[in-house]
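J.: In our numbering, the protein residues as written are 3 to 266. Ideal placement from N, C-alpha and C gives every residue a C-beta, glycine not left out.
1. Between residue 268 and residue 187, how many whole angstroms is the CB-CB distance? I'm expecting something under 8 Å.
2. So what's residue 169 in DSSP terms, helix, strand or just coil?
3. Would you say the segment 190-204 touches the segment 212-222, given that touching needs at least three Cβ pairs under 8 Å?
4. Starting from residue 216, follow the beta strand (DSSP E) in both directions and report where the run begins and ends.
5. Rounded to the nearest angstrom, what separates residue 39 and residue 94 at their Cα positions?
6. Give the single residue among 82, 57, 88, 76 whose Cα lies nearest to the Cα of residue 46.
7. Please tell me whether residue 118 and residue 104 are closer than 8 Å, where the distance is taken between their beta carbons.
8. Give every residue of the same chain whose Cβ lies closer than 6 Å to the Cβ of residue 166, excluding the five residues on either side of it in the sequence, and list them in chain order.
9. Look up residue 195 in the DSSP assignment and give the residues it is bridged to.
10. Under three-state DSSP, which class holds residue 104?
11. Rounded to a whole number of angstroms, what is the C-alpha to C-alpha distance between residue 200 and residue 129?
12. For the beta strand (DSSP E) containing residue 66, list its first residue and its last residue.
13. Which word fits residue 126, buried or exposed, when buried means at least 16 other C-beta atoms lie within 10 angstroms of its C-beta?
14. Give me the Cα-Cα distance between residue 144 and residue 155, rounded to the nearest whole angstrom.
15. Ordered along the chain, which non-local residues of its own chain (more than five positions away) have a Cβ less than 7 Å from that of residue 10?
16. Looking at residue 240 and residue 80, is the spacing between their C-beta atoms short of 8 Å?
17. Quick check on this structure: which residue in 17, 14, 261 has the alpha carbon closest to the alpha carbon of residue 267?
18. Just list the residues that DSSP pairs residue 137 with in beta bridges.
19. Name the residue from 100, 92, 60 whose alpha carbon lies nearest to the alpha carbon of residue 212.
20. Of the choices 190, 246, 227, whose alpha-carbon is the least far from that of residue 97?
21. Bridge partners of residue 230, per DSSP?
22. In angstroms with no decimal places, state the Cα-to-Cα distance between residue 8 and residue 108.
23. If residue 245 sits next to residue 192, beta carbons under 8 Å apart, how far is it from one beta carbon to the other, in whole angstroms?
24. With burial defined as no fewer than 16 other Cβ atoms inside 10 Å of the residue's Cβ, what is the status of residue 114: buried or exposed?
25. Between the C-alpha atoms of residue 17 and residue 235, what's the straight-line distance to the nearest angstrom?
26. Would you mind reading off the limits of the alpha helix (DSSP H) that contains residue 25?
27. Tell me which same chain residues have a C-beta within less than 6 Å of the C-beta of residue 162, skipping the five on either side of it?
28. What does the alpha-carbon distance come out to for the pair residue 58 and residue 180?
Here you go:
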């Protein structure tokens, strides 16, 4: 089957890329800023994205690629098979901590997620899923998600969103943080989504992410019975930036209805 073949190739490439990243830990990074002083990119981000593009083009020249660092294709549709690549999700963590970052690869066909791979390089944990085949961590099946309520849940979100900001009324989120059992922020959407998938946290929300941030995680979470939408409860836009809310179905509904005030 084509998806098993693509998955096998992708896992090999992700592991090889992880080895390259680990070798960079001892090197001096060339660090640049993108949209602002805290939006960082390194030479390693660029090299790893180009590594994936070369591998994909060598085996699947007809596939299209959307990559964070801009070395892929200019896309205005998701027709055909499209790879969503974030070579290092959590670059600031990569620079400052050398942990809490991940490689994220989503493979979509006509807008439907077929494969998701997220590799926690520092911990050598590979999360992956093929649509309809289950989700796994280092080859071990991940159990389906269990239902939970806000009061018994850990919610992952950046502290920025509970301070005054121009993206959301922070007064909506203060009660959510107050009512939850706890809150966390890891600075990497890919890992925060697989933490939802594995039950390490129960929900994750963000105001602004790009398709390469959530493309792989959406496949993995949905394969385990979770719900992935934007903060309006709508299907995510995989061609542009969007907000994100992911959780088990009951918790997702509770957050939308009781805290974001969206009647589903």
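T.: Well, looking at it:
1. The structure shown has nothing for residue 268, since the chain only spans 3 to 266.
2. Residue 169 falls in the coil class under three-state DSSP.
3. yes
4. Segment 213-225 is the alpha helix (DSSP H) holding residue 216; no beta strand (DSSP E) there.
5. The pLDDT assigned to residue 39 is 46, lower than 50, so where the model puts this residue is not dependable; a value taken from the coordinates is nonetheless given after this. When rounded, the distance between both Cα atoms is 11 Å.
6. 88
7. no
8. 172
9. When beta bridges are read from the DSSP output, residue 195 appears opposite no residue.
10. Assignment of residue 104 by DSSP, reduced to helix, strand and coil, places it in the strand class.
11. One Cα belongs to residue 200, the other to residue 129, and the distance between them is close to 10 Å.
12. 66-69
13. Around the beta carbon of residue 126, fewer than 16 other beta carbons sit within 10 angstroms, so the residue counts as exposed.
14. Rounded to the nearest angstrom, the two C-alpha atoms are 19 Å apart.
15. No residues qualify anywhere along the chain.
16. yes
17. For the chain, the structure presents residues 3 to 266; residue 267 sits outside this window and is missing.
18. Note: residue 137 sits in a beta bridge opposite 131.
19. 92
20. 190
21. 248
22. Here the alpha carbons of residue 108 and residue 8 stand approximately 11 Å from one another.
23. So it is not a contact: roughly 16 Å between Cβ atoms.
24. exposed
25. 34 Å
26. 4-25
27. none
28. Roughly 45 Å between the two C-alpha positions.
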